[in-house]
Each structure stands twice: as structure tokens, then as C-alpha cells.
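Asker: Numbering (my numbering), first residue to last: 1 to 339.
All C-beta atoms in this analysis are idealised placements derived from N, C-alpha and C, irrespective of residue type, glycine included.
Submitted below is the structure of interest, expressed as C-alpha cells.
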Ligand code: SF4
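Set out below in C-alpha cells:
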């Protein structure tokens, strides 16, 4: 439903949205690049406050978060729209909203799920957390903040699954209620970000560094898009994680499949995923995973000290768990995460 937005100001007769680095400057009636925020009467409105377009109970492994209370269920919600426009978006039906749609479709006006109901459903379904995902939750910041606030009051955790394309001030407000983040670090090239996602690299790096410094649980994902990601970028990403964050930050390497406007690209070759895994390990990362490749050996968590499987996985299913009080059940080495 329509609601007054946060994170905007008036400049030179326009409304400037500073929720994300696109920083749209909107004249009367204009809609932002995300397709779901518009200047109406000199004020910025979101048209999707509580307009849930997708929800599901997922294993937390699907986010992907492998070190945050492994095996728990998380109620995942999304409203439509996105502030990035990735060529190969796998959720493009809900994320890539046409700009005119916010005015013309009754869905935006009529759909409203009260935040309290989300929390009640999460508890009813036995979830330990609520995840904000599928589209990018940045564009439903106001709603996410309200749901997350109530979730904390009810003893639930909050997880933001995002591309990290958000400005500092809104992120600080959101972060008050977040416990964990799954952030895409899509490329290590500003050019690739611009061409593939219509975004930029630097704001994403800033978001990741901020979240890490705040001490929130963080896992990173890189989708290996052929022709956009190469070995040099992968090595740069791995080195950057070790240098700017820590070797124990988990890095997920995800297999790309052609979607949306990237039908001309092939799926990521398996050899490329295995090579990327080796690069991560060579650069000193302790937890590297290969995703979207069901049944591969790199879905499991290996103890960095004794190399035994401490969390066995097949797809999103936990097959074994050998962690005791946050330590490897075989050698006692501390395993990074929240358990
Ligand atoms: S959230 Fe939407 S309206 Fe606001 S700056 Fe980003 S793209 Fe523009």
C-alpha cells in the first residue's frame, strides 16, 4: 500500500531519495529507478509498504547462510521492485517492476500484510528468524524496519539478504534490528557492476565493511557469471575479504544459470566453480562453498584445522553436525559462526 517514505529530502523543487546510491532526484509524479517510490505532491512515497509478493518458510542454508544457527527455518518475505537491474536476475518477475505499474495496478494499493502478522506467522511455523530477500529488501526498508523491530520483541532473529546497494544512514537504521547478513559481492570490477547491474562496486564494499565492523554475522556470495567474472576478479575478492574483513568470513561461489536478459550466456562451467574454490583456499579463506551445484563436496563445512567435516550438507539439508559449543567436534578448533 502507499505510505510516506523515509530517507528523502527536498532539493531545488525536487524530491531526492537517499535510500540507495542511485539517489534519484524526482520531479512531481516521477517514479524512482526502483519503480516503487515516487514524488507525489512534493513528498516521497513508497507504493509497496506491506505489499507482499512472495513469502516462504526456507532453511537458512538457502539464503545462503551456513554458519548462522545451521538448519533453522526462516520465514522469508519480499515486496516487489529492486534498485539494481541485473541482466540475469533470477527473480526478475518480482524485482524488475515497470515504472508506471505503481500507479496503475490495484495490487500496489490493495495489498497490505501487517508487520505483526508476519511475526505471528514466523512463530506459528516454528521459525527462528525472519529473512528479507528475493527482491532486494533495501527498497522496502521502512516495512523491513517495522517487521524486524517487532521480530526482536518476539525473540526472533533478523536476516537481510541483499546486494548491499544502500546508503549509510538507512543502513544504520536497519542494522539496529539485524542479526545477520547475506550480501552479494557480484564482481570486483566497477565496469562489470555498471554493465551487468547498473550499479557501482564501491558502495557495496562500503556496506560490507560497515556490517562487518558492527560485528553482525556476515556471509558473502559471488555469482559466477561467465564473461563478467574472471579469475583475476575472484582472486581480488578473496584477497579483499582476507585483508579488509577476516579469513573466517564464509564465501559462497554460486553457479549461474541464464535468466531474464542474460539468456545468451551459458551456465557457469563446473571447472570454473572448482577453480574459484581453489583460489579462495589459496588466498587463505577458511570457509569457501560452491552453490547451485547439487551434491558437490564443497557444500559441506570442513574444519580449517583438522579438515574433518563439521557440518555435512546435501543441497540445503544438513546431513551431519559435529560442532560442540562452537568448536570442531574432532579437534576443538573454534568454528566461526553463531551456533
Ligand atoms: S531507493 Fe529507489 S527511488 Fe530511492 S534512490 Fe534508490 S532507486 Fe531511487
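Using alpha carbons as the reference points, say which of 160, 332 and 317 lies closest to residue 129.
Answerer: Closest by alpha carbon: 160.
Asker: How is the beta strand (DSSP E) around residue 37 delimited, first residue to last?
Answerer: Residues 37 to 40.
Asker: Would the beta-carbon of residue 323 be found less than 8 Å away from any heavy atom of the ligand SF4?
Answerer: Not so, every heavy atom of the ligand SF4 lies at least 8 Å from the Cβ.
Asker: Would residue 104 be called buried (16 or more neighbouring beta carbons within 10 Å of its own) or exposed?
Answerer: Its Cβ having fewer than 16 others within 10 Å, residue 104 is exposed.
Asker: Assign residue 252 to one of three DSSP states: helix, strand, or coil.
Answerer: Note: residue 252 maps to strand in three-state DSSP.
Asker: Leaving out five residues before and five after residue 57 in sequence, what residues of the same chain have Cβ atoms less than 7 Å from its Cβ?
Answerer: Counting only Cβ-Cβ distances below 7 Å, and skipping sequence neighbours, we find 73, 75, 125 and 127.
Asker: Where does residue 138 fall in DSSP's three states?
Answerer: In the structure shown, residue 138 sits in a helix (DSSP, three-state: H, G or I).
Asker: Taking the beta strand (DSSP E) that residue 9 belongs to, which residues open and close that run?
Answerer: Residue 9 -> beta strand (DSSP E) spans 8 to 11.
Asker: Please state whether DSSP places residue 32 in a helix, a strand or coil.
Answerer: The answer is coil: DSSP assigns residue 32 none of H, G, I, E or B.
Asker: Indicate whether residue 234 and residue 188 have their beta-carbon atoms separated by less than 9 Å.
Answerer: Cβ distance < 9 Å, so residue 234 and residue 188 count as in contact.
Asker: Straight-line CA distance for residue 194 to residue 28?
Answerer: Answer to the nearest angstrom: the Cα atoms are 28 Å apart.
Asker: Find out if the Cβ-Cβ distance for the pair residue 85, residue 337 is shorter than 9 Å.
Answerer: Against a cut-off of 9 Å, the Cβ pair of residue 337 and residue 85 comes out as no contact.
Asker: Whose C-beta lies closer than 7 Å to the C-beta of residue 203 among residues of the same chain, with five residues either side of it excluded?
Answerer: These residues qualify, in order along the chain: 21 and 165.
Asker: Taking the straight line between their C-alpha atoms, what separation do you get for residue 93 and residue 175?
Answerer: The straight-line gap from Cα to Cα measures roughly 28 Å.
Asker: So, is residue 116 buried or exposed, given that buried needs 16 or more other C-beta atoms within 10 angstroms?
Answerer: With fewer than 16 Cβ atoms within 10 Å of its Cβ, residue 116 is classed as exposed.
Asker: Where do the N-terminal and C-terminal ends of the alpha helix (DSSP H) with residue 280 fall, by residue?
Answerer: Here the alpha helix (DSSP H) through residue 280 covers 270 to 282.
Asker: Helix, strand or coil for residue 289 per DSSP?
Answerer: Three-state result, residue 289: strand.
Asker: Please classify residue 325 as buried or exposed, where buried requires at least 16 other C-beta atoms within 10 Å of its C-beta.
Answerer: Flag for residue 325 reads exposed.
Asker: Alpha carbon to alpha carbon, how far is residue 146 from residue 331?
Answerer: Going from the Cα of residue 146 to the Cα of residue 331 covers about 43 Å.
Asker: Mind checking which residues open and close the alpha helix (DSSP H) that includes residue 63?
Answerer: Here residue 63 belongs to no alpha helix (DSSP H), and DSSP marks it neither H nor E.
Asker: Please work out which residues of its chain come closer than 7 Å, Cβ to Cβ, to residue 33, disregarding the five sequence neighbours upstream and downstream, and give them in chain order.
Answerer: Contacts found: 22, 24 and 83.
Asker: Starting from residue 313, trace the beta strand (DSSP E) both ways and give me its first and last residue.
Answerer: 309 to 314 is the extent of the beta strand (DSSP E) around residue 313.
Asker: Indicate the three-state DSSP secondary structure (helix, strand or coil) for residue 168 in the structure shown.
Answerer: Of the three classes helix, strand and coil, the one that applies to residue 168 here is helix, per DSSP.
Asker: Measuring straight from C-alpha to C-alpha, what distance separates residue 264 and residue 225?
Answerer: Distance between the alpha carbons of residue 264 and residue 225: 11 Å.
Asker: Any heavy atom of the ligand SF4 within a distance shorter than 8 Å of the CB on residue 94?
Answerer: For the ligand SF4, not one heavy atom lies less than 8 Å from the Cβ of residue 94.
Asker: Flag residue 20 as yes when its Cβ comes closer than 8 Å to any non-hydrogen atom of the ligand SF4, and as no otherwise.
Answerer: Yes, the Cβ of residue 20 comes within 8 Å of a heavy atom of the ligand SF4.
Asker: Could you tell me whether the region 273 to 280 touches the region 245 to 253, using the rule of 3 or more Cβ pairs below 8 Å?
Answerer: Yes: the two stretches touch, three or more of their Cβ pairs being nearer than 8 Å.
Asker: Out of curiosity, what's the CA-to-CA distance linking residue 269 and residue 88?
Answerer: Taking the straight line joining both Cα atoms gives about 16 Å.
Asker: Can you list, in chain order, the stretches of the beta strand (DSSP E) that have 3 or more residues and sit fully within the region 137 to 224?
Answerer: Here the runs fully enclosed are 157 to 162, 180 to 184 and 217 to 224.
Asker: When the Cα atoms are used, what is the spatial distance from residue 135 to residue 53?
Answerer: When rounded, the distance between both Cα atoms is 9 Å.
Asker: What residues in its chain sit with their C-beta under 6 Å from that of residue 179, if we drop five residues either side in the sequence?
Answerer: Hits under 6 Å: 157 and 158.
Asker: What are the boundary residues of the beta strand (DSSP E) that includes residue 73?
Answerer: Counting along the chain, the beta strand (DSSP E) containing residue 73 begins and ends at 73 to 78.
Asker: For residue 318, which residues does DSSP report across the bridge?
Answerer: In DSSP, residue 318 forms a bridge with 313.
Asker: Nearest-angstrom Cα distance between residue 310 and residue 102?
Answerer: If I take the Cα positions, the gap works out to 48 Å.
Asker: Could you say which of 285, 231 and 150 lies nearest to residue 243 if we only look at CA atoms?
Answerer: Closest by alpha carbon: 285.
Asker: Report the rounded CA-to-CA distance for residue 17 versus residue 44, giving the unit in angstroms.
Answerer: Distance between the alpha carbons of residue 17 and residue 44: 8 Å.
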